[in-house]
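Colleague: Note that this note's numbering has the sequence shown beginning at 21, numbered continuously upward.
Beta carbons: idealized from backbone N, C-alpha and C, even for Gly.
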Amino acid sequence: MEYFTLKNGVSMPAIGFGTYKATDGDDRAVLDAARRAGYRHFDTAAFYGNEAEVGAALAASGLPRSDLFVTTKVWREDLGYDAALRSFEASSQRLGLEVIDLLLIHWPTRTPGDPDSPALCRETWRALEALYRAGRVRAIGVSNFLPHHLMHLMETAEIAPMVDQLEFHPGYPQLAALQFCQAHDIRVTAWSPLGRARMLTDPTLTEMAARYGKSPAQLCLRFALDCGVCPLPKSVSPDRIAQNLAVFDFHLSPEDLSRLACLPQIGWSGEHPDRPRLPV
Ligand code: A2P
Numbered sequence: 021m022e023y024f025t026l027k028n029g030v031s032m033p034a035i036g037f038g039t040y041k042a043t044d045g046d047d048r049a050v051l052d053a054a055r056r057a058g059y060r061h062f063d064t065a066a067f068y069g070n071e072a073e074v075g076a077a078l079a080a081s082g083l084p085r086s087d088l089f090v091t092t093k094v095w096r097e098d099l100g101y102d103a104a105l106r107s108f109e110a111s112s113q114r115l116g117l118e119v120i121d122l123l124l125i126h127w128p129t130r131t132p133g134d135p136d137s138p139a140l141c142r143e144t145w146r147a148l149e150a151l152y153r154a155g156r157v158r159a160i161g162v163s164n165f166l167p168h169h170l171m172h173l174m175e176t177a178e179i180a181p182m183v184d185q186l187e188f189h190p191g192y193p194q195l196a197a198l199q200f201c202q203a204h205d206i207r208v209t210a211w212s213p214l215g216r217a218r219m220l221t222d223p224t225l226t227e228m229a230a231r232y233g234k235s236p237a238q239l240c241l242r243f244a245l246d247c248g249v250c251p252l253p254k255s256v257s258p259d260r261i262a263q264n265l266a267v268f269d270f271h272l273s274p275e276d277l278s279r280l281a282c283l284p285q286i287g288w289s290g291e292h293p294d295r296p297r298l299p300v
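1. Rounded to the nearest angstrom, how far is the Cβ of Ile35 from that of Cys250, given a contact under 8 Å?
2. Within the continuous alpha helix (DSSP H) that includes Trp145, where are the two ends?
3. Would the beta-carbon of Ser257 be found less than 6 Å away from any heavy atom of the ligand A2P?
4. How far does the alpha helix (DSSP H) with Gly75 in it reach, from first residue to last?
5. Gln185 lies in the beta strand (DSSP E); which residues open and close that run?
6. Tell me whether Glu73 is buried or exposed, calling it buried when 16 or more other Cβ atoms sit within 10 Å of its Cβ.
7. At a cut-off of 6 Å, would you count Pro253 as near the ligand A2P, judging by its Cβ distance to the nearest heavy atom?
8. Which same chain residues end up closer than 8 Å to His189 when comparing Cβ atoms and leaving out the 5 residues on each side of it in sequence?
9. Less than 8 Å between the CB atoms is what I'm expecting for Leu99 and Ser163, so what's the real figure, rounded?
10. Could you tell me if the beta carbon of Leu214 falls within a distance shorter than 6 Å of some heavy atom in the ligand A2P?
11. Return helix, strand or coil for Gly161, following the three-state DSSP convention.
12. If distances are taken between C-alpha atoms only, which option among Glu227, Gly290, Phe67, Phe62 comes closest to Gly75?
13. Just to confirm the assignment, what range does the beta strand (DSSP E) spanning Arg207 have?
14. Taking Cβ to Cβ, would you say Val30 is nearer than 7 Å to Ala159?
15. Decide if Pro84 is buried, meaning its Cβ has at least 16 other Cβ atoms within 10 Å, or exposed.
16. Cβ atoms of Ala54 and Ile206: under 7 Å apart, would you say?
17. Tell me the DSSP secondary structure of Arg295 in three-state form.
18. Drop a sphere of 10 angstroms on the beta-carbon of Val267, count the other beta-carbons inside from all chains shown, and report buried for 16 or more, exposed for fewer.
19. Can you tell me where the alpha helix (DSSP H) holding Pro223 begins and where it ends?
Structural data, given as C-alpha cells:
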C-alpha cells in the first residue's frame, strides 16, 4: 500500500474501499475480503446505513486500530452545528470508534439550490473544527463541494478542509474542482472511480488497458493515483476487490493521462450538488 499525506501530516492509504451498497448482501464477507486483500482504508457514511457492520467487521479483524483509516460523513439533512455534532456521536457509536480518522460534510446543499445551505455549511464546519480540536477526528473535509462551495466555506473557516471527496473517473474528472483543490492543498478522494463500471467497455480504455497489460478498471484506478487522487473503488467480488489493489506496479504516460482526462463525458452519475439529479 502507498499513502497520501494530508496537509495536517495525517497519512491516508492511497486506495480506500468504498462501502456504499457494497454491504447490501453478505456484508461481512465483502468487508472481510477487502481486509484480506489488504485494504486498510474504509469509506462509509451515516447515509449508507452500514456503519455498524463496518465497525463490527473491523473490530473482529483483530487489526490494530492504528493500521486502519475510517472515513464517515454527515448527511445533508444534518447540516448545522448541533445536528452535525449529534450525527458524529451517532456515527462514532455505530462504528464503535471513539476517534474517527476523517469526517466529511457529505453534500454542500440540503437540497439542490437550497438558499440556506451555504450558511448551514459554515455552521457544520464549525462543528467539525470543534471535533478536530477535541481530538475526536484526525482530519476533516468535505464531499461533493465545487470550488464556489469551498470558497464560501473557506471565508469563515479557521481550519481549511483537508479532503474533498468527488465523483472522479475518466469521462468525468471534474478538472476545475481538482485544480482548485490542488491549488489549496486539499486532497481529492474519488467516489465511483470506475464510473460504476459504466465506461469500462469504452474503446479508448479497453485499447489502452490491453497495451499496459491491465484491466480497464485498473487503468481507471491508476488514472486517479497518477492525478494525485485517492480512489475508493467498490466491489462485491473477492477477485475484483483484490484486482483493484494491484495497481502500484505501473504508471500512465503523460499522453495516456491526457487521453483519459480529455475523454468526452461518459459514465457520469447524473449527480450535481446544485441541480436535481439528472437521468443518465
Ligand atoms: P462488482 O461489485 O460486481 O465487482 P464504482 O466503484 O466506480 O462505483 O464502481 C462499482 C462497480 O464497478 C460495481 O458494479 C462493481 O461490480 C464494478 N467493479 C468493481 N471492480 C471492478 C473490476 N475490477 N472490473 C470490473 N468491474 C468492477
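Modeller: A quick look at the data gives this:
1. 7 Å
2. 137 to 153
3. yes
4. 71 to 81
5. 183 to 187
6. buried
7. yes
8. Ala210, Ser212, Pro213, Leu214, Gly215, Met219, Cys240, Phe243, Ala244, Gly287
9. Actually they are not in contact, since the Cβ atoms of Leu99 and Ser163 sit about 12 Å apart, beyond 8 Å.
10. yes
11. strand
12. Phe62
13. 207 to 211
14. yes
15. exposed
16. no
17. strand
18. buried
19. 223 to 232
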